[in-house]
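Contents: one structure, followed by commentary.
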Amino acid sequence: MRLYRILIPSALLLILASCQTMTPEERRAADERACAGYGFRAKTDAMARCLLDIELDRRAQTRSMMERNDQMFWHSPIVVERRVIVHRP
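Now the structure itself:
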């Protein structure tokens with residue numbers, strides 16, 4: 121019983137923490153770390169281009185996801201069928 125008192129709140133906290141989104145500052149810092157990991161130096165044109173490419177890729181991915189969602193929800197018909205079986209004596 122004591123295990124459940126610890127496990128359930130921990131699981132709830134983990135679930136809630138996973139829903140948190142990144143702030144723009146955190147996203148920028150992560151992008152800078154990624155570009156630095158690729159070998160680009162800070163405050164250079166190459167670093168600026170790397171950051172721009174990452175942002176453009178992110179925006180293209182968002183547009184693609186929105187387009188897929190639109191097609192899924194609006195362009196295809198949704199057919200709902202409920203069969204009723206009647207037994208006659």
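Mapping of the sequence shown onto the working numbering: residues 121 to 209, in sequence order. Glycine included, C-beta positions come from ideal geometry on N, C-alpha and C. Here the structure is a predicted model, which means the values were calculated and not measured.
Check your understanding: With contact counted as at least three CB pairs below 8 Å, one residue from each stretch, are the region 124-138 and the region 164-176 in contact?
Key -> The answer is no - the region 164-176 does not touch the region 124-138, with fewer than three Cβ pairs under 8 Å.
**Study point:** Run of the alpha helix (DSSP H) containing S124, from where it starts to where it stops
**Key:** In the sequence shown, counting from the first residue as 1, residue 124 sits at position 4. The sequence as given places Tyr at residue 124; Ser does not occur at that position. DSSP places Y124 inside the alpha helix (DSSP H), whose first and last residues are R122 to S138.
Exercise for review: If I'm right that C155 touches C139 with Cβ under 8 Å, what's the distance once you round it to whole angstroms?
Suggested key: Numbered from 1 along the sequence shown, position 35 holds the residue referred to as residue 155. Numbered from 1 along the sequence shown, position 19 holds the residue referred to as residue 139. With 8 Å as the limit, C155 and C139 do not qualify as a contact, their Cβ atoms being about 27 Å apart.
Review point. Hey, does T141 have any beta-carbon neighbour from chain C nearer than 9 Å?
Key: The displayed structure is made up of one protein chain only, and chain C is not part of it.
Check your understanding: Which stretch, first to last residue, makes up the alpha helix (DSSP H) that contains P209?
Key -> By 1-based counting over the sequence shown, the position of residue 209 is 89. Per DSSP, P209 lies in no alpha helix (DSSP H) and is assigned neither H nor E.
Check your understanding: By DSSP, does A162 sit in helix, in strand, or in coil?
Key -> For the purposes of this step, residue 162 is taken as residue 42 along the sequence shown, with counting starting at 1. If DSSP states are grouped into helix, strand and coil, A162 belongs with coil.
Practice item. Measure from the alpha carbon of R148 to the alpha carbon of each residue in P129, A168, A137 and G159, then state which is nearest. Key: The count along the sequence shown starts at 1 and reaches residue 148 at position 28. For R148, the nearest C-alpha among the options comes from A168.
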